[in-house]
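Its first residue numbered 17, the sequence shown is counted upward by one per residue in the working numbering.
Let me begin by presenting the structure, written as structure tokens, before commenting on it.
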Amino acid sequence: MSKFVKFSPLLIGVLALAAFLIYINLPQPNIQTNKQGAGETPVITAAASQQSFPIIVEALGTAVANESVNITAQKAQTVTNVFFNDGELVEKGQLLLELHNRAELARLNEIEINLSEARRQLERIKGLAKQSAASEQLLDEQSARVESLVAQREVANADLQELRVSAPFSGRLGLRMVSVGSLVRPGDTITTLDDLSLVKVDFSISELHLSSIKQGQRIFATSIAYPGEEFNGRITNIDSRIDPQTRSISVRAQLPNPDLQLRPGMLLQINLEKRVLDALVIPESALVPEGEEQFVFLVKDGKAIKTQVQVGERKPGLVQILGGLNSGDRVITQGTLRVRDNSPVKLLKLEGEM
Numbered sequence: 017m018s019k020f021v022k023f024s025p026l027l028i029g030v031l032a033l034a035a036f037l038i039y040i041n042l043p044q045p046n047i048q049t050n051k052q053g054a055g056e057t058p059v060i061t062a063a064a065s066q067q068s069f070p071i072i073v074e075a076l077g078t079a080v081a082n083e084s085v086n087i088t089a090q091k092a093q094t095v096t097n098v099f100f101n102d103g104e105l106v107e108k109g110q111l112l113l114e115l116h117n118r119a120e121l122a123r124l125n126e127i128e129i130n131l132s133e134a135r136r137q138l139e140r141i142k143g144l145a146k147q148s149a150a151s152e153q154l155l156d157e158q159s160a161r162v163e164s165l166v167a168q169r170e171v172a173n174a175d176l177q178e179l180r181v182s183a184p185f186s187g188r189l190g191l192r193m194v195s196v197g198s199l200v201r202p203g204d205t206i207t208t209l210d211d212l213s214l215v216k217v218d219f220s221i222s223e224l225h226l227s228s229i230k231q232g233q234r235i236f237a238t239s240i241a242y243p244g245e246e247f248n249g250r251i252t253n254i255d256s257r258i259d260p261q262t263r264s265i266s267v268r269a270q271l272p273n274p275d276l277q278l279r280p281g282m283l284l285q286i287n288l289e290k291r292v293l294d295a296l297v298i299p300e301s302a303l304v305p306e307g308e309e310q311f312v313f314l315v316k317d318g319k320a321i322k323t324q325v326q327v328g329e330r331k332p333g334l335v336q337i338l339g340g341l342n343s344g345d346r347v348i349t350q351g352t353l354r355v356r357d358n359s360p361v362k363l364l365k366l367e368g369e370m
């Protein structure tokens, strides 16, 4: 009776994957070789170079307008005139809205008429007083009446001004929330106004970096709304306290926004230049980690020499080398899985290399 060994589909898949990985990592001596280069593994290299190596602290922040306010009315009244459109740019003091003000205008007109008459009477009494035909008491009473009417006119003008809504500063308006005939009350939002010429951004960094930041220091911000575009700004304030829960400190920066691209509420990626090192740098892809140690394959005399290196600071794609390499040494960046220590290699020219 024959016996059959049953293999599960999962086991077959695992074996196939393992075989594929072993195949692609085996040296391929027959690829791009000739009589003089038989057995050489094609690799791509890069030279270790001495260069400026900025240490960047990354954080996330939310954009806030330099100035921001909800435009509201001071009195409950109906709207008679609207002088703005959605999203309009306005100047400080520009009239945005008028509320029903017929009673206030009539009151002001009445006071102006009474004031004009009171001043005329005052001038007449002054003339009589010079001729001793009017008493000083009468002159004082008329002067007090004129001053009273002037004060009443100031109050009437203030009441009238409260029925006119103007822009408190220059900026961009939001959506219009009222129409002619609408009844508005104190606290009702008519529209919003934001000064976007500058954008503030608040973010937090670890207390570890506190000694590396100061007011006036440059920052760089990016937004997913504008891929590849960078916005430059400076730190304007560093909080006086460190959060005892997160051990972080709040920082505020300002970003010039002349084209009004940045808007309040945007999520910004903040890059803060902590310091700049003069460092020996290689591509991070050249590293071959083994436990706690780091190695590279150094190319010498057409062979790959496995070399231990001491690694310092890192940033995306690059790494600082503290020891084990010299400036100008070429290390393998692509093909490290196919080479062994002292195995022959063939250098592939990169685009732009001689």
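For every residue, glycine included, the Cβ atom is placed at its ideal position computed from N, Cα and C.
Sorting D218, V215, L191 and K216 by C-alpha distance to the C-alpha of I206 places L191 at the top. In the assembly as shown, N273 is a buried residue. Its beta-carbon has 16 or more other beta-carbons within 10 Å. Between F236 and the set S222, L224, G249 and G244, the nearest pair of CA atoms involves G249. Segment contact: the stretch 318 to 333 against the stretch 94 to 110, fewer than three CB-CB distances shorter than 8 Å; contact not assigned. In the DSSP assignment, S164 falls within the alpha helix (DSSP H) that extends over E152 to Q177.
E308 counts as exposed, since fewer than 16 other C-beta atoms from the protein chains shown sit within 10 angstroms of its C-beta.
T262 is classed as exposed because its beta carbon has fewer than 16 other beta carbons within 10 Å across all chains shown.
Taking C-beta atoms as the reference points, L138 and V162 count as a pair closer than 7 Å. Per the Cβ contact rule, the stretch 168 to 184 is not in contact with the stretch 60 to 72 (fewer than 3 Cβ pairs under 8 Å). Considering only I60, L31, I28 and K142, the residue with the shortest C-alpha distance to V347 is I60. S186 sits in coil when the DSSP states are folded into three classes, being neither helix nor strand. Taken in chain order, the complete beta strand (DSSP E) segments of 3 residues or longer contained in the stretch 199 to 228 are 205 to 222.
Counting along the chain, A119 sits inside the alpha helix (DSSP H) bounded by residues R118 to K146. The beta-carbon separation of V335 and L303, rounded to 7 Å, stays under the 8 Å limit for a contact.
Annotated three-state conformation of L283 is strand, per DSSP. Annotation for G339: the continuous beta strand (DSSP E) segment containing it runs L334 to G339. By the neighbour-count definition (other C-beta atoms within 10 Å, threshold 16), D345 is a buried residue.
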